[in-house]
Amino acid sequence: MSAATETLGVSARDPELGQAKVRLAFILPASTYIIGAWAWGLFDTAILLANLLCYALFAVAAIGLFVEVRRRPGVKPWRRLLAMSLDFSAITFSSITSGEALLPLFGVLLWVTVGNGLRYGRGYLLLATGLSLTALAAIIAGMPFLQRYPTVALMMLVTALLVPGYVHFLLTRIQDSLRETQAANLAKARFLAQASHDLRQPIHSIGLFTACLRDGQLSADQGRLVDNIDRSLLGVEQLFRSLLDIYTLDQQQVSPRRTVVDLDTLFGDLVRQNAEAARWAGVEIRWRACGLQVYSDPALLLTSLQNLLSNALKYAPGKPLLLAVRRRQGQLALVVYDQGPGIAAEHLPHLCEEFYRVRETRDRDIEGVGLGLSIVQRIATLLDLQLTIRSRPGRGTAVRLQGLPLATLPLEARPRPVNGPQHLLAGWRVLLIEDDANVLLATATLLRSWGCEVTTATSIPAGAVNCDLVITDFDLDRSASGADCIAYLNRLQGRRIPAIVVTGHDIPQVQQALGDAEIPVLAKPVRPAELRALLLAFRVAAS
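Under full-length UniProt numbering, the first residue of the sequence shown is numbered 1, with each subsequent residue one higher.
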């Protein structure tokens with residue numbers, strides 16, 4: 001039975017718990033019916049007492065199963081088989097002892113058969129059908145009424161075969177359709193992710209060459225042209241990141257790696273990375289140091305806030321924007337407030353749907369495909385957070401990530417991006433490893449314009465390279481990765497060389513492959529200001 005079949009039941013998260021609840025709910029109406037049949041004189045008191053004793057024992061066993069499922073959730077075939085045996089045994093005993101008065105229990109027998117199949121899948125449907133036919137054979141053998149009317153017994157047997165058989169056919173069709181849909185979605189997601197990854201390389205190199213132009217002697221008109229190129233690149237970059245993020249989350253490839261996160265550092269990084277975008281949008285990003293730390297995944301948290309901030313810059317240009325921390329019930333909430341046009345109430349329930357965009361008459365065109373809040377919602381679920389959106393038309397919008405636990409562990413000492421004069425990088429020796437010729441040339445040109453002494457390589461260097469820092473692409477040729485290069489150079493020089501890894505893939509996965517939380521990972525296309533700030537941080541730490 002595949003995992004997909006678990007989603008077909010009434011209780012998708014835990015079908016066994018749902019079945020256990022229904023089993024408990026069945027006891028009272030069944031007992032009431034038996035008492036009513038006795039009151040109508042359909043059987044004597046001895047049979048009534050025998051049935052009530054049966055259901056009392058059934059209730060004890062059902063409660064025990066419910067507690068077991070709550071304490072130890074998950075797929076346990078032995079427990080499901082035990083539960084089915086309990087259900088069919090109780091139905092068989094009541095039917096045989098009470099005779100035709102309890103023939104309506106045949107409907108319950110069918111429900112138990114079909115219910116187990118719908119909740120657990122086709123394999124369990126076949127097993128339940130076998131148990132129901134066994135129970136029905138025992139009932140026919142022990143009930144004189146069915147022996148006197150064999151056509152009724154035959155009707156029950158045929159029904160007990162045909163109904164589960166038809167349900168089995170429907171389940172097969174549903175699962176085939178589900179597999180086809182999943183395969184189509186996977187193929188589409190893979191195509192989008194691969195396309196975004198492949199296109200990141202030229203976009204990455206264009207961004208670096210543009211930064212080289214900016215550092216040259218430009219006229220005012222030329223400076224404006226470079227600004228326009230940067231602004232266009234930022235829109236494409238955000239689109240690619242959204243496509244890759246949604247693909248990674250769809251494939252359930254992300255596992256939170258929680259650690260202590262300093263909120264002041266997180267907000268500082270966020271504001272610094274979006275300084276140019278805020279300037280273009282005419283937005284002042286306001287925030288105040290709080291001195292607080294939380295326990296969460298820093299990369300996923302930064303991705304969520306980046307999406308929220310990008311939305312605010314796009315939809316509320318020319319207005320101040322506030323990043324805030326709010327404390328509630330011993331937990332913290334991160335809030336992004338904007339003073340944009342707001343969102344009408346009818347749109348709020350749909351904002352986290354993929355590709356949903358709020359469009360009103362005479363709206364200006366805004367870049368994006370409507371994935372940002374969908375990504376934030378999925379990350380919030382991964383991090384056990386609650387995403388809430390409040391908005392008033394004409395007043396603005398507040399988006400809140402609630403439920404961050406306060407950290408009680410000391411912060412790890414790591415180099416932090418800092419701003420500083422460019423000449424600090426003069427004479428710093430950088431080993432640059434990149435297998436794409438254009439990206440290699442663009443990055444080397446940019447680093448040299450900052451004063452660095454750059455040695456380039458397209459794979460693992462053949463011998464030792466005297467350097468102060470390694471910048472490597474994670475995805476090199478098939479013989480090695482960026483992680484292999486760093487490990488090799490560390491062994492060769494007998495010391496830990498500071499390193500920066502650049503990648504077009506999911507950052508948490510790359511961090512996991514590196515196995516060193518102190519190695520910064522930058523996502524392509526890399527913003528030159530972000531790279532320079534990180535280089536300055538390493539240079540200051542080294543001196």
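The beta carbon of each residue, even a glycine, is placed where N, CA and C say it ideally should be.
Secondary structure of Gly-396 (DSSP, three-state): strand. Rounded to whole angstroms, the separation of the alpha carbons of Thr-210 and Gly-451 is 17 Å. In terms of Cβ geometry, Asn-116 and Gln-175 do not form a close pair [threshold 9 Å]. Within a 10 Å sphere around the beta-carbon of Ala-537 sit 16 or more other beta-carbons, which makes this residue buried. Taking C-beta atoms as the reference points, Ser-205 and Thr-397 fail to come closer than 9 Å. Ala-153 and Val-112 have their C-alpha atoms spaced approximately 19 Å apart. Counting only runs that start and end inside the region 154 to 186, there is no beta strand (DSSP E) element of at least 3 residues. Here Leu-323 is not near Leu-373, since their CB atoms are 9 Å or more apart.
Secondary structure in the region 98 to 141: no beta strand (DSSP E) run of 3 residues or longer lies completely within the stretch. The beta carbon of Ser-98 lies closer than 8 Å to those of Ile-34, Ala-37, Leu-42, Phe-43, Ile-47 and Asn-51 in the same chain, with the five residues before and after it left out. When beta bridges are read from the DSSP output, Glu-453 appears opposite Arg-429. In the structure shown, Arg-539 adopts helical secondary structure according to DSSP, grouped into three states. Rounded to whole angstroms, the separation of the alpha carbons of Leu-300 and Val-294 is 13 Å. Using a C-beta cut-off of 8 Å, the region 429 to 443 makes contact with the region 456 to 475, since at least three inter-stretch Cβ pairs fall below that distance.
Contact between Leu-332 and Leu-406 holds: CB atoms are separated by about 6 Å, below the 8 Å threshold. Non-local beta-carbon contacts of Leu-305 in its own chain, meaning distances under 6 Å to residues more than five positions away in sequence, involve Leu-270 in chain order.
Taken atom to atom, the span from the alpha-carbon of Val-501 to that of Leu-313 is near 28 Å. With contacts defined by Cβ atoms closer than 9 Å, Val-465 and Val-399 do not form a contacting pair. Listed in chain order, the non-local C-beta contacts of Val-108 below 8 Å within the same chain comprise Phe-26, Ala-30 and Ile-91, local neighbours out to five positions each way being set aside.
Straight-line spacing of the CA atoms in Ser-391 and Leu-233 works out to 30 Å. Per DSSP, the beta-bridge partners of Val-470 are Leu-431 and Ala-499. Each of Gln-339, Gln-386 and Leu-334 was checked against the Cα of Cys-352, and the nearest Cα belongs to Gln-386. Partner residues in the beta bridge of Val-261, as assigned by DSSP, are Val-294. Around the C-beta of Ser-85, fewer than 16 other C-beta atoms lie within 10 Å, and the residue is accordingly described as exposed. Distance between Leu-348 and Tyr-166, taken at the CA atoms: about 41 Å.
Annotation: the continuous alpha helix (DSSP H) that includes Leu-492 extends over 482 to 493.
Residue environment: Gln-182 is assigned as exposed (fewer than 16 neighbouring CB atoms within 10 Å of its CB, all protein chains considered). Rounded to the nearest whole angstrom, the CA to CA distance from Val-376 to Ala-529 is 25 Å. The beta carbon of Val-325 lies closer than 8 Å to those of Leu-263, Cys-290, Leu-292, Leu-332, Ala-333, Leu-334 and Val-335 in the same chain, with the five residues before and after it left out.
For Ser-391, the beta-bridge partners assigned by DSSP are Thr-397.
Annotated three-state conformation of Leu-351 is coil, per DSSP. DSSP places Trp-78 within a helical segment (H, G or I) once states are collapsed to three.
Straight through space, the alpha carbons of Leu-514 and Lys-319 are spaced by roughly 41 Å. Counting only the Cα atoms, Leu-105 lies some 15 Å from Leu-131.
In this structure, Ala-277 is the residue among Gly-463, Pro-77 and Ala-277 with its C-alpha nearest to the C-alpha of Asn-228. When the beta-carbon positions are compared, Leu-489 and Pro-520 stay at least 9 Å from each other.
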